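In the working numbering, the protein residues as written are 21 to 906. The beta-carbon is built from N, C-alpha and C at its ideal position, and this holds for glycine as well. Every value quoted in this text rests on a predicted model; they were computed, and no experiment measured them.
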């Protein structure tokens, strides 16, 4: 208690409740904090919106100047893009500035007749010079760009600020001093531009390159930072444009629909008021043409209209739409020239009719348009517009009460439907949030339990994946190197194959196109004639068909109506009660299923889960580990078997397999060729027989005679194809024997050549040699043949359907082969007789020394050991042994 100790002093017993006071102060502080956060968020949102707007503006500017670049430099836009992207660090220009300047300078250069490359060189040089001039004279880039446009415009005042006096006298002196040979008076406009371009470059040589020289300074570094920031914002803006453009398109589409809706509203008001905005506008224009004082007349009309303020709006509309003496008097009072207005309106209508008639006459003079209009009018005359309008009015009259009833019924349904939808959505949201809560709880427990394990596993897996990609890089490099090498070697064959297949498809396509076009012409011609001949039949058939369709539609309508009435009667009598019973039964079924689930299914599932867990831990997990160990063992076994057994066998058998495959392919080609000749001959015989019968039946005896010749050719082709096939099969057999013998001999000779090459490498000589990979073959009948001298015989030439044939004396072919061999010897591609003799002598000496039991050492290494090492290396590289007895 406080005590008052003096007169006039009032003692107040104030006790502050600290808890409530602190609570209230805390609430005020929280409120202030929320307000400050909302204000900060509001300012942050505003800054974000401003930043996005600026980005979009810069991105839009960049897209617009990019369009100028693409149009000006259609073949060099990529070079301009690269130049503009480097302009910020090279010249102190943003990408947008560089493209704007380059595109403008290029367009101006091309306007004077310069080519695209010349325009590119001039525009990029002047653009870079604009950046250097801005840096050197400490002016803005746009100001420097404006001054340098004088190169094309010829203005002199703007360049004087830079110390460049580009008068005609100065240009003439510069032209004569630099070898132009004439003054500006004798030059074309393009030559003047080229002269001014060179003149300005020479006068501004001091400023050229200034930005690069001073790029390390504070001012230019700040300028580079600003330009790069603008480039970054422009890139972000273009991304935002890509995202927002579809939305803008949707909004524009919506606005278009709103405009259509507004037009509908306007038309409705015109029908309601009896006034048309277009007529009012045209009438005012006509009044303006008829009277010079139209503005005064309108003011007077406004004053007169104010006197009618006591009328209702509907009365005012009706009075304005009626032609009465009162309205006329009002017109006279307001000062409007009604007679002049009517005269002007009539004149405008007559002018419009004349213009319409002239357009109609002009179009009718064009043959195709006149035909189109005539046929269109012919079709439109067949339409019963009066009946169409009458039926439309009948439909709309019947729809009006139905629409009112539908709206009333919809209002009855909406309220309970809204309650149901709100309840359903709210409960679904509650269930969804509960599921999310449970899921997050489980995920949190999982992460708390396995976080360290996941981190360790992710590090190991990441390292393995990184190693895998390193290996894939090496594999990719080797694969594409092999692919590129193979493509280079096979380029001629691929090119020729592509050329041949395109030529074949071209010929086929042209033939098919000719057939289709001709067939279309014939089909339409015959069909048109058939329709003309059967016009009455077609019209009658279509009439009966349409009548039948109408009767069927009536029948379907009757059936559907009867079904609807029956359904209504059934529902009112028994259907609704039966449906209620079904719903009750279904609800009871759901209750029973839930009880079964809780009492029976869930206990069984829980027991199954526990059994599965025990089975996994005791049996399945050890089985899985054993399977993984078995897979590792199988992999090791397969790798060892491949490297030690299968690969050597494949390497040894590969040449033999290739030879056998070649032999089989040759025999199959021969068989298919023979069958093809037989089928071709049979088809020719059949075609000739059909042509013969056609000629006999039609009395065309020339065609019948030619068909007999065709039949004879087909018979001969079949007989000759059979003979040729048998001969070619015999030749294939002989060639197979030659290939096997040649392959064995080639392996021996190539083995000796490899030994000789290794021996030559020891002394720095090239003693290696090998036989060609392809054995000599006997040509088939369709590939030519060999005829001995002085043995005349019959021969068929030119029967090869795919290749041409050469008939030449033997000595000329020998000369061609000798020339080829000499050319190869000159390029180091053959072995001379002298070199071959030396190799044979060396090998014989080595064999004698080894046979005598002596040893040969080269640089301290026994020669026999050296041969074994070479043999092992050859096996590792090819899978075959070079020497079998070493």
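First through last residue of the alpha helix (DSSP H) which encompasses residue i
{"i": "residue 642", "result": "641-661"}
{"i": "residue 620", "result": "Premise fails: residue 620 is in no alpha helix (DSSP H) and is neither H nor E."}
{"i": "residue 180", "result": "177-180"}
{"i": "residue 137", "result": "136-157"}
{"i": "residue 103", "result": "97-105"}
{"i": "residue 127", "result": "115-131"}
{"i": "residue 460", "result": "405-509"}
{"i": "residue 732", "result": "721-782"}
{"i": "residue 555", "result": "555-590"}
{"i": "residue 6", "result": "Because the chain spans 21 through 906 in this model, residue 6 falls outside it and cannot be assessed."}
{"i": "residue 189", "result": "188-197"}
{"i": "residue 213", "result": "209-223"}
{"i": "residue 230", "result": "230-233"}
Exposed unless 16 or more other CB atoms sit within 10 angstroms - verdict on residue i
{"i": "residue 541", "result": "exposed"}
{"i": "residue 128", "result": "buried"}
{"i": "residue 748", "result": "buried"}
{"i": "residue 497", "result": "exposed"}
{"i": "residue 103", "result": "buried"}
{"i": "residue 168", "result": "buried"}
{"i": "residue 121", "result": "buried"}
{"i": "residue 752", "result": "buried"}
{"i": "residue 466", "result": "exposed"}
{"i": "residue 776", "result": "buried"}
{"i": "residue 577", "result": "exposed"}
{"i": "residue 783", "result": "exposed"}
{"i": "residue 345", "result": "Model confidence at residue 345 stands at a pLDDT of 42, short of 50, so the residue's coordinates are unreliable; what they give is reported in the following sentence. When all chains shown are included, residue 345 counts as exposed."}
{"i": "residue 544", "result": "exposed"}
{"i": "residue 548", "result": "exposed"}
{"i": "residue 250", "result": "buried"}
{"i": "residue 967", "result": "Summary: the structure shown does not reach residue 967, with the chain confined to residues 21 through 906, and so no result is reported for it."}
{"i": "residue 319", "result": "Residue confidence is low: residue 319 scores 48 on pLDDT, short of 50, so the model does not pin down where it sits. Its coordinate-derived value is still stated next. With fewer than 16 other Cβ atoms within 10 Å, it is exposed."}
{"i": "residue 140", "result": "buried"}
{"i": "residue 555", "result": "exposed"}
{"i": "residue 253", "result": "buried"}
{"i": "residue 591", "result": "exposed"}
{"i": "residue 889", "result": "exposed"}
Member of the options whose CA lies at the smallest distance from the CA of residue i
{"i": "residue 75", "options": "88, 87, 112 and 116", "result": "116"}
{"i": "residue 123", "options": "135, 95, 656 and 90", "result": "90"}
{"i": "residue 693", "options": "702, 745 and 890", "result": "745"}
{"i": "residue 893", "options": "785, 787, 778 and 536", "result": "778"}
{"i": "residue 188", "options": "198, 176, 180 and 201", "result": "176"}
{"i": "residue 729", "options": "741, 719 and 709", "result": "709"}
{"i": "residue 758", "options": "269, 682, 537 and 252", "result": "682"}
{"i": "residue 159", "options": "239, 286, 136 and 82", "result": "239"}
{"i": "residue 733", "options": "721, 714 and 697", "result": "697"}
Integer-rounded CB distance, given that residue j should sit under 8 Å from residue i
{"i": "residue 191", "j": "residue 216", "result": "7 Å"}
{"i": "residue 771", "j": "residue 789", "result": "Contact doesn't hold; Cβ gap of about 11 Å is too wide."}
{"i": "residue 679", "j": "residue 763", "result": "6 Å"}
{"i": "residue 153", "j": "residue 164", "result": "4 Å"}
{"i": "residue 149", "j": "residue 228", "result": "6 Å"}
{"i": "residue 155", "j": "residue 231", "result": "4 Å"}
{"i": "residue 184", "j": "residue 220", "result": "6 Å"}
{"i": "residue 727", "j": "residue 712", "result": "4 Å"}
{"i": "residue 212", "j": "residue 203", "result": "Not really, about 10 Å apart at Cβ, beyond 8 Å."}
{"i": "residue 100", "j": "residue 93", "result": "5 Å"}
{"i": "residue 147", "j": "residue 244", "result": "Actually they do not touch by this definition, with Cβ atoms about 17 Å apart."}
{"i": "residue 755", "j": "residue 797", "result": "5 Å"}
{"i": "residue 224", "j": "residue 161", "result": "That belief does not hold up - the Cβ atoms of residue 224 and residue 161 are roughly 15 Å apart, past 8 Å."}
heavy atom of the ligand FMN below 8 Å from residue i C-beta
{"i": "residue 737", "result": "The ligand FMN is not part of this structure, which contains no ligands at all."}
Chain C contact for residue i (CB, 9 Å cutoff)
{"i": "residue 91", "result": "The structure shown has no chain C; it contains just one protein chain."}
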